[in-house]
(Lines of atoms letter the chains of each structure in order from A and count residues from 1; the text may use other names and numbers.)
(Lines give C-alpha, C1' and ligand atoms only; values in the text may rest on other atoms or scores of the structure.)
Protein backbone atom coordinates (compact mmCIF):
# COMPACT_ATOMS: atom_id res chain seq x y z
CA UNK A 1 0.00 0.00 0.00
CA UNK A 2 1.37 3.42 -0.92
CA UNK A 3 1.74 6.34 1.43
CA UNK A 4 -1.20 8.79 1.45
CA UNK A 5 -0.75 12.19 -0.18
CA UNK A 6 -0.56 14.75 2.65
CA UNK A 7 -0.28 18.51 2.17
CA UNK A 8 0.12 21.03 4.97
CA UNK A 9 -0.82 24.72 5.03
CA UNK A 10 0.03 27.19 7.77
CA UNK A 11 -1.43 30.60 8.32
CA UNK A 12 0.80 33.47 7.21
CA UNK A 13 0.35 35.53 10.39
CA UNK A 14 2.38 33.10 12.46
CA UNK A 15 -0.37 31.91 14.80
CA UNK A 16 -0.67 28.34 13.65
CA UNK A 17 -2.01 26.46 16.64
CA UNK A 18 -5.34 24.96 15.57
CA UNK A 19 -5.11 22.08 13.08
CA UNK A 20 -7.91 20.78 10.90
CA UNK A 21 -7.44 17.60 8.89
CA UNK A 22 -9.34 17.41 5.61
CA UNK A 23 -9.65 14.05 3.85
CA UNK A 24 -10.64 14.41 0.19
CA UNK A 25 -12.64 11.53 -1.27
CA UNK A 26 -11.56 9.66 -4.37
CA UNK A 27 -13.74 10.44 -7.42
CA UNK A 28 -15.74 7.26 -6.88
CA UNK A 29 -16.31 7.96 -3.19
CA UNK A 30 -17.20 11.61 -3.87
CA UNK A 31 -20.05 10.47 -6.11
CA UNK A 32 -21.24 8.02 -3.46
CA UNK A 33 -21.15 10.55 -0.60
CA UNK A 34 -22.37 13.66 -2.44
CA UNK A 35 -19.60 15.81 -0.95
CA UNK A 36 -15.89 16.19 -1.60
CA UNK A 37 -14.34 15.70 1.84
CA UNK A 38 -14.57 14.92 5.53
CA UNK A 39 -12.84 17.01 8.18
CA UNK A 40 -11.77 16.71 11.80
CA UNK A 41 -10.32 19.05 14.40
CA UNK A 42 -9.21 18.15 17.94
CA UNK A 43 -11.44 20.96 19.20
CA UNK A 44 -14.54 19.63 17.43
CA UNK A 45 -17.63 18.01 18.82
CA UNK A 46 -17.53 14.73 16.91
CA UNK A 47 -16.89 11.61 19.03
CA UNK A 48 -14.64 10.05 16.37
CA UNK A 49 -12.11 12.85 16.88
CA UNK A 50 -11.19 11.47 20.29
CA UNK A 51 -7.78 10.11 19.20
CA UNK A 52 -6.90 13.34 17.33
CA UNK A 53 -4.51 15.48 19.35
CA UNK A 54 -2.55 18.58 18.40
CA UNK A 55 0.88 17.56 17.15
CA UNK A 56 -0.30 14.10 16.10
CA UNK A 57 -2.02 15.02 12.83
CA UNK A 58 -0.05 12.59 10.68
CA UNK A 59 -0.68 9.73 13.11
CA UNK A 60 -4.38 10.58 13.00
CA UNK A 61 -4.30 10.51 9.18
CA UNK A 62 -2.58 7.11 9.32
CA UNK A 63 -5.40 5.77 11.52
CA UNK A 64 -8.05 7.17 9.16
CA UNK A 65 -6.22 5.68 6.16
CA UNK A 66 -5.88 2.27 7.85
CA UNK A 67 -9.58 2.19 8.73
CA UNK A 68 -10.70 3.38 5.28
CA UNK A 69 -8.33 2.04 2.60
CA UNK A 70 -9.06 3.50 -0.84
CA UNK A 71 -11.70 5.93 0.42
CA UNK A 72 -9.62 9.12 0.38
CA UNK A 73 -7.37 10.43 -2.40
CA UNK A 74 -5.46 13.02 -0.36
CA UNK A 75 -5.28 14.86 2.94
CA UNK A 76 -4.71 18.46 3.97
CA UNK A 77 -3.54 19.59 7.40
CA UNK A 78 -4.68 23.21 7.63
CA UNK A 79 -3.47 25.36 10.49
CA UNK A 80 -5.19 28.47 11.80
CA UNK A 81 -4.72 30.67 14.81
CA UNK A 82 -6.90 31.37 17.80
CA UNK A 83 -6.28 35.10 17.50
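Numbering (our numbering), first residue to last: 109 to 191. Ideal Cβ positions, reconstructed from N, Cα and C, are used throughout, including at glycine.
Cβ separation of residue i and residue j, assumed to be a contact under 8 angstroms, to the nearest whole Å
| i | j | result |
| --- | --- | --- |
| residue 146 | residue 131 | 5 angstroms |
Separation of residue j from residue i, as counted between CA atoms
| i | j | result |
| --- | --- | --- |
| residue 119 | residue 160 | 20 angstroms |
| residue 141 | residue 125 | 30 angstroms |
| residue 134 | residue 128 | 19 angstroms |
| residue 143 | residue 121 | 30 angstroms |
| residue 187 | residue 151 | 13 angstroms |
Local Cβ density within 10 Å of residue i, reported as buried at 16 or more and exposed below that
| i | result |
| --- | --- |
| residue 136 | exposed |
| residue 111 | exposed |
| residue 177 | exposed |
| residue 168 | buried |
| residue 113 | exposed |
| residue 180 | buried |
Minimum C-alpha distance to residue i - residue among the options
| i | options | result |
| --- | --- | --- |
| residue 162 | 173, 138 and 185 | 185 |
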